[in-house]
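Colleague: Below is the structure I would like to discuss, written out as structure tokens.
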Amino acid sequence: MMMAAVEHKISRVINSGPFYVVAGPTYERFDHLITPDVPHQPGTYLYALTKSLGQEICRVFTLSNDIHVMDLLFYMLLDAETHTGTTGDSIAQLGHDMTPYTTSWQDTGEAFRCALEVDLTTLPSKSECFFVFPDIPHGKFSNEKVRRLLGWDPQDDLSQFWKKTI
């Protein structure tokens with residue numbers, strides 16, 4: 264992908280993947296207010312490790328080419344009205360905790376639009392990672408960077424999934 268982008272003079276690449284490309288089990292279990300700028304520790308799960316290596320390849324290409332890469336990191340995507348995922352199965356139950364990185368399809372698409380439209384000169388470097396998810400109550404992960412640099416603002420409030428039932 265990166266060789267093709269260089270060959271065809273594509274200056275903006277949006278890569279995506281799961282959040283644990285950056286923040287694997289060592290962060291998940293012990294830390295809070297985790298940002299996408301922490302030293303990457305994907306852990307030993309093969310999928311996370313290979314996605315992390317792919318992300319590193321993207322970063323290395325930005326060092327010697329006129330290309331910017333934005334990594335949008337997600338985990339679970341759902342329809343905010345039906346609570347269903349890609350298979351149509353319900354992945355969310357009201358009153359039960361959800362995976363922290365759950366984002367609605369609409370907000371996911373909006374994150375891509377923001378990444379396509381951002382002025383590349385406003386980014387701190389030619390390779391930036393963003394955690395993309397709506398506000399979550401426990402503060403384990405931070406979506407501040409995607410809000411500040413890309414202007415992304417989630418529209419679907421998923422807080423109903425975090426409120427416990429009696």
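Take 264 as the starting number for the sequence shown in my numbering and just add one per residue.
A virtual CB, placed ideally from N, CA and C, is assigned to each residue, including glycine.
Shortest alpha-carbon distance to V285 belongs to which of P302, N278, H295 and I273?
Modeller: Position 22 of the sequence shown holds residue 285. Among P302, N278, H295 and I273, the Cα nearest to that of V285 is on P302.
Colleague: Judging by CA-CA distance, which residue of L383, S367, D342 and K314 is the nearest neighbour of R275?
Modeller: As a first step, residue 275 is located in the sequence shown; it is residue number 12 there, counting from the start. Cα-wise, what sits closest to R275 is L383.
Colleague: Ends of the beta strand (DSSP E) at D334?
Modeller: Locating residue 334 in the sequence shown gives position 71, counting from the first residue. Residues H331 to F337.
Colleague: Using only the alpha-carbon positions, how far apart do M264 and D329 sit?
Modeller: Against the sequence shown, residue 264 aligns to sequence position 1. Against the sequence shown, residue 329 aligns to sequence position 66. Roughly 15 Å separates the two Cα atoms.
Colleague: Taking buried to mean at least 16 other C-beta atoms within 10 Å of its own C-beta, is Y310 buried or exposed?
Modeller: For the purposes of this step, residue 310 is taken as the residue at position 47 of the sequence shown. Exposed, since its Cβ has fewer than 16 Cβ neighbours within 10 Å.
Colleague: How about P299 and F393: do their beta carbons lie closer than 8 Å?
Modeller: Counting from one through the sequence shown, the residue named residue 299 turns up at place 36. Counting from one through the sequence shown, the residue named residue 393 turns up at place 130. Yes, the pair counts as a contact, with Cβ atoms nearer than the cut-off.
Colleague: What are the residues that DSSP puts in a beta bridge with E373?
Modeller: Start at 1 with the first residue of the sequence shown, and residue 373 comes out as number 110. Answer by DSSP bridge pairing: none, since E373 is not bridged.
Colleague: Can you tell which of T385, P417 and G402 has its C-alpha closest to the C-alpha of F375?
Modeller: Reading the sequence shown from its first residue, position 112 is the one you call residue 375. When each option's Cα is compared against that of F375, the closest is P417.
Colleague: Can you check which of these residues, T325, P288 and T289, is closest to P387 by C-alpha distance?
Modeller: Within the sequence shown, the letter at position 124 stands for residue 387. Selected option, being the one with the closest Cα: T325.
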